């Protein structure tokens with residue numbers, strides 16, 4: 001796993017630690033690690049470590065993927081991690097439990113809104129705030145592992161993706177250029 005850690009630390013900053021899977025988590029559930037002082041100033045990042053061990057199937061094509069999840073937020077004054085580690089744990093556990101991959105453009109409803117109440121789902125995106133080479137890493141066992149960015153979105157944004165498609169949503173993102181690292185950002189004007 002050194003290639004994966006090196007790959008993540010090269011963009012996200014030094015790994016400060018990791019939380020083990022919670023008691024009762026599905027077998028194979030990954031750890032969630034936190035990173036600081038990376039390429040994005042004042043940003044803390046969280047990533048799963050070990051999700052790649054579970055081959056995940058795309059339900060549409062029956063193709064298998066090896067994935068790790070990423071979420072980012074601004075550092076807060078309290079030095080607390082915020083809600084994102086729990087979000088990654090929630091999503092990763094379900095992926096391991098059901099064996100389903102999540103791919104660019106997917107929308108994942110959250111069981112409860114994030115603090116502040118406006119973000120009720122996650123959009124599955126490429127990690128576009130980083131260089132193109134960050135999207136994939138080849139690890140020791142020869143697997144190509146995709147880094148999948150989970151971006152908190154509003155109910156209106158989730159409805160828009162479902163109605164108009166991910167390409168239309170990403171076009172709106174490009175036009176309005178919101179700060180996707182800010183989990184308290186206002187929703188898009190759709």
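Numbering (the working numbering), first residue to last: 1 to 190. Even for Gly, the Cβ is constructed at its ideal location relative to N, Cα and C. Here the structure is a predicted model, which means the values were calculated and not measured.
Distance, residue j Cα to residue i Cα
| i | j | result |
| --- | --- | --- |
| residue 175 | residue 147 | 24 Å |
| residue 37 | residue 125 | 22 Å |
| residue 156 | residue 108 | 13 Å |
| residue 117 | residue 111 | 12 Å |
| residue 19 | residue 178 | 30 Å |
| residue 100 | residue 59 | 7 Å |
| residue 11 | residue 35 | 9 Å |
| residue 39 | residue 46 | 14 Å |
| residue 133 | residue 70 | 15 Å |
| residue 181 | residue 105 | 17 Å |
| residue 260 | residue 186 | Here the chain comprises residues numbered 1 to 190, so residue 260 is not present and cannot be evaluated. |
| residue 128 | residue 84 | 18 Å |
| residue 53 | residue 76 | 32 Å |
| residue 86 | residue 184 | 17 Å |
| residue 135 | residue 26 | 26 Å |
Bridge partners - residue i, DSSP secondary structure assignment
| i | result |
| --- | --- |
| residue 68 | 147 |
| residue 34 | 17 and 46 |
| residue 154 | 119 |
| residue 194 | Here the chain comprises residues numbered 1 to 190, so residue 194 is not present and cannot be evaluated. |
| residue 74 | 43 |
| residue 125 | 149 |
Close-in-space but distant-in-sequence residues of the same chain around residue i (CB under 6 Å, 5 per side omitted)
| i | result |
| --- | --- |
| residue 138 | 144 |
| residue 30 | 48, 49, 50, 51 and 92 |
| residue 13 | 35, 36, 37 and 38 |
Residue range of the alpha helix (DSSP H) that includes residue i
| i | result |
| --- | --- |
| residue 98 | 84-98 |
| residue 6 | 2-12 |
| residue 27 | Per DSSP, residue 27 belongs to no alpha helix (DSSP H) and is neither H nor E. |
| residue 180 | Note, residue 180: premise wrong, no alpha helix (DSSP H); not H, not E. |
Cβ separation of residue i and residue j, assumed to be a contact under 8 Å, to the nearest whole Å
| i | j | result |
| --- | --- | --- |
| residue 15 | residue 4 | About 10 Å; that fails the 8 Å criterion. |
| residue 28 | residue 96 | 5 Å |
| residue 150 | residue 172 | Between residue 172 and residue 150 the Cβ distance is about 18 Å, and since that is not below 8 Å, they are no contact. |
| residue 32 | residue 72 | The Cβ separation is near 13 Å, so there is no contact. |
| residue 153 | residue 122 | 7 Å |
| residue 120 | residue 163 | Residue 120 to residue 163, Cβ: 16 Å. No contact. |
Delimiting residues of the beta strand (DSSP E) encompassing residue i
| i | result |
| --- | --- |
| residue 113 | Residue 113 -> no beta strand (DSSP E), and no H or E assigned at all. |
| residue 136 | 136-138 |
Neighbourhood of residue i by C-beta distance below 8 Å, restricted to the same chain and skipping five residues each side
| i | result |
| --- | --- |
| residue 160 | 168, 169, 172, 188 and 190 |
| residue 140 | 1, 2 and 3 |
| residue 17 | 33 and 34 |
| residue 81 | 34, 44 and 46 |
7 Å Cβ shell around residue i - same chain, five flanking residues per side excluded
| i | result |
| --- | --- |
| residue 56 | 64, 65, 67, 95, 99, 100 and 101 |
| residue 6 | none |
| residue 192 | Since the displayed the chain opens at 1 and closes at 190, residue 192 lies outside it and no answer follows. |
| residue 130 | 11 and 39 |
| residue 103 | 58 and 124 |
Min CB distance residue i to chain C below 8 Å
| i | result |
| --- | --- |
| residue 66 | This model lacks chain C altogether, as it is built from one protein chain only. |
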